[in-house]
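Below is one structure, written out as structure tokens; comments come after it.
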Amino acid sequence: MEVRKIRISDASAGMLVAEDVVNDIGQLIFPAEARLTDKAIARIQFHAIRYIRIYLENEEESEPDQSIDELSYFEKLRDSEEYNTFNEQFTDVADTFEKEMMRVLHEGGDTDSRSLSNGVKKILSSCRSGIQVFDLLHCTRSYDEVVFAHSLNVAIIAAVLGGWLDFPMEDIDVLIQCGIYHDIGKLAVPKEIIDKPGALTPDEYAVMRTHTSRGYSILKDMNLDNRVKLAAMMHHERCDGSGYPLGVGGNQIERLTKIIAIADVYEAMTAPRKYRKARCPFEVIKLFESSGLMLFDTKYLMTFIEHIAVCYMGYRVRLNDGTVGTIVYMNRQDDSKPMIQVGSEYIDLFRNPKLYIEEIL
Ligand SMILES: [Fe+2]
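Okay, so the sequence shown: first residue is 1 according to this note's numbering, each after it adds one.
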């Protein structure tokens, strides 16, 4: 039977555990070949164990009368070998990253940026294309480990954008490190604020904003490229000077930091949160087009939007009126409004301002 490493937050009662679950000192918390209960899941979480290996019992999990054609693209992808490999690699790197940062914060010392960025490169090299990376990220997202998973996602998205911009490999290497460490200051912000569902109060928001300077303080004496430290400090700066903590703009923002800013906002908006569903990439494209051009580097942003939109060509989508169709033609005037084919009919979203893509299926 196939084995998959999963986050404990994705575990549910009844799953068959494939490998002994042990804590940091090697104590057995839950044995292999036994089925999880809600109590067992709580016990594993109590020991701060984030990942377990379970058997995939497909015949029990899939609905017998649902044919493969009826599954959505993402459901099919989630069942694929590619996803399994991606998920394993991603959770391994996230796990190493978390342990490494906890060690650095509690015991001091340097971070092994090379092995972490090699982990991200390995994830990227196992994917067929840039957009496949986005699709696989879409499938792996969950609510917990916000800082670590978000940072790795940003590193991956930034690396793909760096590739679309034809950046040299050395820059992409540093870009990956910028993504990995950009939000590290959040580990120094009280957990109640980081994990708070919904809007922060003005006081809480002021504390949250300190994660930029706190991140810089954590990284400043480490053996890292200076651009990685700048990205931690400046990834919330905006080109029109409206960002924080310094309120600088334009060329005062390092160019790799500008890439991280785009990847960070895209990742945060398309990720699910406890208090809201993930936003559709086309909704995020629309937001970038309507209010992002002043805030982000225009060349980088336009390259990002165009590639993301084009990559969804041929995908099935659901419109806000419930219509299901396929994206068949991109609109050069507005990347968020492509042409949709529904049976033998075509809907030009550009000419139907009330219609928009609500979900990619
Ligand atoms: Fe941040």
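Every residue, glycine too, gets a C-beta built ideally from N, C-alpha and C.
Item, Value
"contact_flag[the stretch 230-244, the stretch 165-185] where n(CB pairs < 8 angstroms) is 3 or more", "yes"
"Nearest-angstrom Cα separation, counted from S344 out to A199", "45 angstroms"
"In DSSP terms, what T325 is bridged to", "Inspection of the sequence shows that residue 325 is occupied by Gly rather than by Thr. V317."
"Distance between F97 and V21 (C-alpha atoms, nearest Å)", "20 angstroms"
"Buried or exposed by the 16-neighbour rule on C-beta atoms within 10 Å, applied to V189", "buried"
"Residue nearest to V160 in terms of C-alpha spacing, selected from I194, E192, S125", "S125"
"Unbroken alpha helix (DSSP H) run spanning I25, endpoints", "No alpha helix (DSSP H) holds I25; DSSP gives it neither H nor E."
"Where H211 falls, given that 16 or more other Cβ within 10 Å makes a residue buried", "buried"
"Inter-stretch contact at 8 angstroms, needing at least 3 Cβ pairs: the stretch 334-343 / the stretch 312-326", "yes"
"Helix, strand or coil at E237 [DSSP, three-state]", "coil"
"Distance, I305 Cα to E358 Cα", "17 angstroms"
"Status (buried if at least 16 other CB within 10 Å, exposed otherwise) for K99", "exposed"
"Whole-angstrom C-beta distance between V317 and I262, which should lie under 8 angstroms", "Actually they do not touch by this definition, with Cβ atoms about 23 angstroms apart."
"Within 8 angstroms, strictly: CB atoms of F296 and S336", "no"
"6 angstroms Cβ shell around I180 - same chain, five flanking residues per side excluded", "L116, S151, A155"
"As assigned by DSSP and simplified to three states, the class of V189", "coil"
"Chain-order list of residues whose beta-carbon lies under 7 angstroms from that of E59 (same chain, five-residue window excluded)", "Because the pLDDT of E59 is 47, which lies under 50, any placement of that residue in the model is unreliable, and the question is left without a value."
"Straight-line Cα distance separating A271 from A11", "20 angstroms"
"M339 - partner residues in DSSP beta bridges", "Y329, D348"
"Member of Y216, I194, I25 whose CA lies at the smallest distance from the CA of A206", "I194"
"Per DSSP, the bridge partner or partners of F30", "V21"
"Reduced DSSP category for L165 - H, G, I as helix; E, B as strand; rest coil", "coil"
"beta-carbon D166 near ligand 3 non-hydrogen atom, thresh 7 angstroms", "Of the ligands this structure carries, namely ligand 1, none is ligand 3."
"Close-in-space but distant-in-sequence residues of the same chain around D225 (CB under 6 angstroms, 5 per side omitted)", "V174"
"Inter-residue spacing [alpha-carbon to alpha-carbon] between P167 and I52", "Note on residue identity: the sequence assigns Phe, not Pro, to residue 167. Roughly 38 angstroms between the two C-alpha positions."
"Straight-line gap, Q349 to Q333 (C-alpha atoms, nearest Å)", "Just to set this straight, residue 349 is Leu in the shown sequence, not Gln. L349 and Q333: Cα-Cα distance of roughly 11 angstroms."
"Element boundaries [alpha helix (DSSP H), containing I253]", "First-last for I253: undefined, no H or E at that position."
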